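**Q** Under my numbering, the residues of the sequence shown are numbered -3 to 107, in order.
Glycine included, each C-beta is placed from N, C-alpha and C at the ideal position.
Predicted model, so just to flag it, every value in this text is computed and none were measured.
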Amino acid sequence: MDKSTIVCRCEEINIDEIESAINMGAHTFNDIKRLTRCGMGPCQAKFCMNLVRKIISEKTGQSLKDIKPPRMRVPLGVTRMSALASNKASSVASVFGESAEEGETDHEEEL
Ligand code: FES
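#1: Which one or two residues does DSSP pair with Ile9 in a beta bridge?
#2: In whole angstroms, give me the CA-to-CA distance for Thr75 and Asp27.
#3: Cα separation between Cys34 and Ser82?
#4: At a cut of 8 angstroms, does the stretch 10 to 18 reach the stretch 45 to 56 through at least three beta carbon pairs?
#5: Distance check for Lys29 and Pro66, CA to CA, integer angstroms please.
#6: Is Thr1 buried or exposed, if buried means 16 or more other CB atoms sit within 10 Å of its CB?
#7: Can Lys64 and Phe25 be called in contact, C-beta distance under 8 angstroms?
#8: Is Ala79 near the ligand FES, judged by its Cβ being under 7 angstroms from some heavy atom?
#9: Which of the three DSSP states, helix, strand or coil, is assigned to Ser82?
#10: Identify whether Thr101 lies in helix, strand or coil by the three-state DSSP scheme.
#11: Between Met36 and the ligand FES, is there a pair consisting of the residue's CB and a ligand heavy atom that are separated by less than 7 angstroms?
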C-alpha cells in the first residue's frame, strides 16, 4: 500500500502518519490515538482499528493479539438528546448491544 493510503477515514489519517507516530515511540493504539486523533472519529475506530493494529504489529514486531483495541467512549451509537435528558438509564441502548426500552423505536427512525 502507498504511504498516503488513508487508514482512518473519519480523521483522514494515512499510513505515513501512523508510522511516524510509531517512530516517535507509540506502541499501542491509544498512543497513536493521542498523537494523531486516529480512532477518535464518529465510528470510534470501528473501521480503522484492525488496520492500525496490523500496522503496529508489523512495525514493532508485537503479536497482533497483544495489541489491545483503543479505549472506547460512550455513547457508541447515535443517541437522541431527549433520551439522555430523560435520566432513564433504560431509555438509552446499552453499549453491550441490549435493546432499548420495550416499545421504543430505533433512534434512526425518529431522525
Ligand atoms: S475510521 Fe478511524 S475513527 Fe472512524
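**A** Answer, in terms of the structure:
#1: The residue labelled residue 9 in the question sits at position 13 within the sequence shown. BP columns for Ile9 point to Cys4.
#2: The count along the sequence shown starts at 1 and reaches residue 75 at position 79. The count along the sequence shown starts at 1 and reaches residue 27 at position 31. Their backbone Cα atoms lie some 28 angstroms apart in a straight line.
#3: Residue 34 sits at position 38 when you count from the first residue of the sequence shown. Residue 82 sits at position 86 when you count from the first residue of the sequence shown. Near 32 angstroms, if we compare the C-alpha coordinates of Ser82 and Cys34.
#4: yes
#5: Mapped onto the sequence shown, residue 66 falls at position 70. Mapped onto the sequence shown, residue 29 falls at position 33. Answer to the nearest angstrom: the Cα atoms are 8 angstroms apart.
#6: The sequence position of residue 1 within the sequence shown is 5, counting from 1. By the 10 Å Cβ count, Thr1 comes out exposed.
#7: Here residue 64 is taken as the residue at index 68 of the sequence shown, counted from 1. Here residue 25 is taken as the residue at index 29 of the sequence shown, counted from 1. Yes, the pair counts as a contact, with Cβ atoms nearer than the cut-off.
#8: Residue mapping note: residue 79 aligns to position 83 of the sequence shown, counting from 1. The answer is no for Ala79.
#9: For the purposes of this step, residue 82 is identified with residue 86 of the sequence shown, where counting begins at 1. Coil at Ser82, not helix or strand.
#10: Translated into the one-based positions of the sequence shown, residue 101 becomes position 105. Its pLDDT being 45, under 50, Thr101 is placed unreliably in this model, and the coordinates cannot settle the point.
#11: To locate residue 36, count along the sequence shown from 1; it is residue 40. Because some heavy atom of the ligand FES lies under 7 angstroms away, the Cβ of Met36 counts as near it: yes.
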